[in-house]
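Worksheet: one structure, shown below.
Protein chains in written order, with full-length UniProt numbering: chain P, 1 to 402; chain L, 1 to 402; chain B, 1 to 402; chain H, 1 to 402.
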């Protein structure tokens, strides 16, 4: 009788290497699956290592451009910022990884999918809800959560099974990275009164070490998608990597956040998003000149819901599709160029222009060119203030607190 | 027969000086009223000048502490940011000025109130709606909007009436300032592709000129109100002025915004809010550790509505009172200390602590001290993902777009 | 030299007949344009009358099916209810009428468009904003608002110009009607303490006169659009007219509403919407079984914004398009049949079924067939309540008011 | 050594009677606690029965007026309607019962609290989250969820332990009732295509059996609280019971709802809320004339959040307190009288009046008394439509879909 097959999200690290063995012990044939979503992995090395530690098959997938176009694009256009601070790094890659795991499972006739998350983070929720949404018939296994070993017990098991122990095992940090940024939790970061040490950062220099000369970028957008920097066109994934590099050198995009996890606790995380913060800032400023007021004032409601929903693992859900349809409809006008100055940790928008710009100098000006009909304001104010005025007449000054 | 009296919001500048005469020409006895809301006016000079240009009486009022406690406090606790960028500088002072104008009108038995706004800005709306809310029986006059003179015509009238012409008349900028910041519009700023020139700024240094040594501040909050800096207690208005000074020296708080005015046009404004941005950042981070998730996720909805409402001139309205009641209820837990690093245009929160902190290291940690029950996650995820799972079972993969 | 042309929204009533003459007096060649959007007009009579009172050309357009498919459909799927009571009758037809006026203006090379609204209602806003959105170069004229005659003056003018005076001129009501319902304002209705008299109603019987036998309808929906009643398929406009008739006979859909107009006043209106209320109720119940919880809980936010926006005359705006894209994405699952009982003023949904139903008896049941994993609840509750629990531990009982 | 004490929410039914024994078997001394929240219980009988089946102490508490004033009042003023249909019956009483259980636990030095809910409903969440919020140190036990017996096993255990088996054990319904209504789930109701049978109802007559003569009520409100009916003053709990009786006789308040439970499933419930629906309708109409537009348009956002939060068991939470503060601030103007006609299942508001009414006949009228300045509309419309107009000028007709 054939062994049941499980597809494991494999990173090459200790946890998932041990999981290959542990799942094999449970009677599974393990198929490893590793994605590059922009963290710059050595996919060949990881592919080989998976086989070395016992996988029966090992997939590696360069998913950078798919990640950029299908996931990051929405985050950018939707201005998704969980709790107004965190631009959803891991939360964005989890659904794509889940999708690839399910695709491999279907190809391999696997009956189960496994991930390396513990039982107290958000990622376990994101993986499991995404996988169930994509194929409710698949079993989902979370070896690390199930075995609930201490670090020592895990190392003992690894030694016993001849699983190589990584050299940097004593790193106090737990890192996840993709195109859209790098997240870091644990260890010394757990005290929210302590400043994060420099060692916590990997994509950005400290502001103290940033160059004294600013760098100017002209970023061009078409339908809300950044397409070129200073006239050079890039595929979206490359453009973001470019910006991670350039803005990172200027110390742009460090975020230190005490956030509310879905599983009910507050945790402190340190993020670096040089490209993401540069693009989010530029995109917002382009919308400021191209979106009509009523739309500009409602879109943040959509953004907040979309942010929570993605953070909470509901990427593959009808609500996400409906929110995306809203966002997509709005982006047709978001064309133009934004000039960004990278300097000392800032991505400052110094100028923005667009063929779709609704900023009209002839209406806005206080010079003699003024085309605004100032007399219209009198009637406007009369009707605008009428409800409050009637309220005051009826209720006298009861409503005025001060 | 006695002349009708009008109370004029008097700034000492050309427009309102001319307005004193113009209103007198219309048959009014003009009572000038000037407030200091933190812009550092020479009140004695202005009081005298009003009389010199024809006012029959001249009031000057130091309203800094009232402005701080009754207006700025709510803006801080409510995180009011119009269009996620503008922390409501003039929009906050207009209701207080209106209130004082109405009080003086009542004291002087005046039948009218006048302001110096043109017909295309937001401030005319704020003044008129506030005054009508406070006393619907008062007539409101807007001389500048009514006379609709060109600059040249106004100067000719001033010369004819012996009204002193200010030296800085050729300034290309139109400035309004108070405790909470400084706003600047017009002239060269009207091209949104051009970077604002250094001359546009008055409260902050350029990042290029900011010191190479950071300054660390420990700001203490009680019930959401900042009370001390590095152990020294200040009244709120002084604390903010202190921060304007200290954070301004580090280039903190420059904002360049193309915004949607209530009167239907987009305009480009440059703001400087060193104290405001420092305090808003610190307050948000203190809330991040003291507010429960459900509350933290809903408060931004309140903030957005409050921001729009204040921007739109509806300070004296029942909705503002209800939103304020919401905010006030939330602030009892916002106690603690935030450590802010002022450096190169940034106000970076490096640490936060509170006796009301809901961040629990024993729950958040990945060390052996962990008290979080990881097994609870299994049941949680099952029910959390159940609606999406049922949806997928019923509708197969129809919902999954990618 | 050729006369300037104006396209007038012509109803055949006194106001717009007088407007034909008045506009002619102003030097315009008047092109009348009358739409049937479901009120059952005698289009031939109106076409002739327009020419009789002086129009140089007279268009009549049967727009019922376009109105149903492009305007009413969105109102139904979007559950638009202004202030949770008014299902947007006139507010829906105004943009379509505006669109047709603009089309005729383009065809006729007219430079102006005119409507018959007064200066205190919502419809003037809806017409003018829609027309400006469709073609900002067109002049918009509002004769009734401009001439501001008393009723007597208007009649004198009409007599003088040989314009026929309608017989029912003394009707105390002002009626507007289309497929989606009938609205009535003015006269005795203006006292909100008085019950509306029976004479105010035209589409529905009083509950007192409704039959003692209920009528059962099975309404089938495809992608959120009602397609058949009791197995008989109808085009949407006919289906609604059918329901107006059938549900009207049972007294369904009377609404008595004191509402907030856009122009700042409260007004009291009486509406009748037998078909609309039947369909809105049925559609909501079908969504209750076919939409996933997260989506069902957010859609009302979209509905509220869409209702306000349409009420406020912003149909032709990018925000409406984005909200519509959201709604459209959600309707693919809204397939199935709803059984409605019409009886004594009620449209009661007694049953609903769908191939996309997410109601799962095996999960919901308390019988032995139960497939719900009750043990999952323990973990779920632990994490669901964790933030509140930590809050209580930290802040003791400060938060518990009672 | 003394036995550990547990306080059990005791209803007198089979489940909680068995729970007394089961908890005793687990080594607890069981203190029974039964509340009357308006369901008309025989408290003496229940008190005695608890002791008979093995409780060491038995509390009975008449909590009707506290329930009305502290819980129902907020639901009424906040217009809480979960999914726009369910006015939160059980969801309102659970926090009060939890509070009383905790109070008794403190008085009796009990270390645990127990409830009789199963593992698939909402009430388990409401009890457990409320108890943890009130005293995180208390253990919470859910005997029915823990023992997970079939009905047969439970009856066998009861017989063995001499616990009386209720006569109506074979009722296919599961009922919960309080002042605010009666809820019913299970059995035949589980098929959402089938109409609920008459036997499912207990508080209301069928419309078919409702009297042919309407009943008129004048309900007076003070600060949003109903205080009298037709001139007779009642304490709130009695006023609601009165209305349950009077409106129930007219068949008012039947609700048939397929709802989304917090635990992830859809369930079909039948509710009867004659008093609640009458009061909610009347209160909304009084707000329609007394609340200013901006407030009236935002309050539903508060209502929706408050409804979800209470439904989801978060009554004792800081967000609820903040939402309540908002609501309370708004109610000072909600004074006046509403005339309601009870007839054939309807509670129709025929008239409303208030000293705080913002409806102004002189502004609303179309008669010669009109005081509305129609000329103001011209300027208003110009600025109101300006953003859309500029958008169209810039983007031509790209935005107009139709």
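Yeah, the Cβ is synthetic: ideal placement off N, Cα and C, and Gly gets one too. As the structure is a prediction and not an experimental result, all values here were calculated from the model.
query: C-alpha gap between residue 105/P and residue 325/P, whole angstroms; result: 29 Å
query: Cβ-based contacts, 9 Å cut-off: residues of the region 83 to 112 of chain B near chain H; result: 83, 84, 85, 95, 96, 99
query: Inter-residue Cα distance where the pair is residue 211/L and residue 269/P; result: 29 Å
query: CB contact below 8 Å: residue 397/H versus chain P; result: Caution applies to residue 397/H, whose pLDDT of 47 falls short of 50 and renders its modelled position unreliable; the value that the coordinates give is listed next. Taking Cβ atoms only, chain P never reaches closer than 8 Å to residue 397/H, which makes this a no.
query: Cβ-based neighbour list, residue 354/P, same chain, cut-off 7 Å, excluding 5 preceding and 5 following; result: 286, 289, 290, 335, 336
query: Residue-chain proximity (residue 226/B, chain H), Cβ-Cβ < 8 Å; result: no
query: Any chain H beta carbon closer than 8 Å to residue 124/B; result: yes
query: Rounded C-alpha distance that separates residue 128/P from residue 385/L; result: 8 Å
query: Every unbroken beta strand (DSSP E) within the region 213 to 245 of chain H, with a cutoff of 3 residues, ordered by chain; result: 215 to 222, 225 to 229
query: Distance between residue 17/B and residue 144/B (C-alpha atoms, nearest Å); result: 11 Å
query: Members of the region 252 to 272 of chain P near chain L, C-beta cut-off 9 Å; result: 254, 256, 257, 258, 259, 260, 261, 262, 263, 264, 265, 266, 267, 268
query: Collapsed DSSP secondary structure at residue 177/P in the structure displayed; result: strand
query: Cβ pair residue 273/H, residue 141/H closer than 8 Å; result: no
query: Opening and closing residue of the beta strand (DSSP E) in which residue 317/B lies; result: From DSSP, residue 317/B is part of no beta strand (DSSP E); its letter is neither H nor E.
query: Whole alpha helix (DSSP H) elements within the region 92 to 163 of chain L, 4-residue minimum; result: 123 to 134, 143 to 147, 151 to 160
query: Status (buried if at least 16 other CB within 10 Å, exposed otherwise) for residue 202/P; result: exposed
query: Chain L within 8 Å of residue 308/P, Cβ atoms only; result: yes
query: For residue 258/B, the first and last residue of its enclosing beta strand (DSSP E); result: 254 to 260
query: Beta-carbon gap between residue 293/B and residue 260/H smaller than 8 Å; result: yes
query: Pair within 8 Å by beta-carbon distance, residue 97/B and residue 43/B; result: no
query: 8 Å Cβ cutoff, residue 359/H in contact with chain B; result: yes
query: Nearest-angstrom Cα separation, counted from residue 53/H out to residue 109/H; result: 22 Å
query: Alpha-carbon to alpha-carbon, residue 116/H and residue 399/B; result: Caution applies to residue 399/B, whose pLDDT of 39 falls short of 50 and renders its modelled position unreliable; the value that the coordinates give is listed next. Answer to the nearest angstrom: the Cα atoms are 27 Å apart.
query: Residue 57/P - partner residues in DSSP beta bridges; result: 31/P
query: Beta carbon proximity, residue 352/L to chain P, threshold 8 Å; result: yes
query: Sequence-distant residues of the same chain with beta carbon closer than 8 Å to residue 70/B, five excluded per side; result: 96
query: The region 53 to 62 of chain B / the region 173 to 180 of chain B touching (three or more Cβ pairs under 8 Å); result: no
query: Closer than 8 Å to chain B by CB, residue 115/H; result: no
query: Beta carbon proximity, residue 356/H to chain P, threshold 8 Å; result: yes
query: Classification of residue 329/P by the beta-carbon crowding that lies within 10 angstroms, buried from 16 upward; result: buried
query: Contact list for residue 393/H against chain B, beta-carbon separation under 8 Å; result: 136
query: Endpoints, the beta strand (DSSP E) within which residue 67/L is located; result: Not the beta strand (DSSP E): residue 67/L falls in the alpha helix (DSSP H), residues 64 to 67.
query: Contact under 8 Å by Cβ, residue 277/B with residue 347/B; result: yes
query: Boundaries of the alpha helix (DSSP H) in which residue 389/B is found, first to last residue; result: 386 to 395
query: Residue 383/L at chain B interface by Cβ criterion, 8 Å; result: yes
query: Where the alpha helix (DSSP H) containing residue 45/L begins and where it ends; result: 43 to 52
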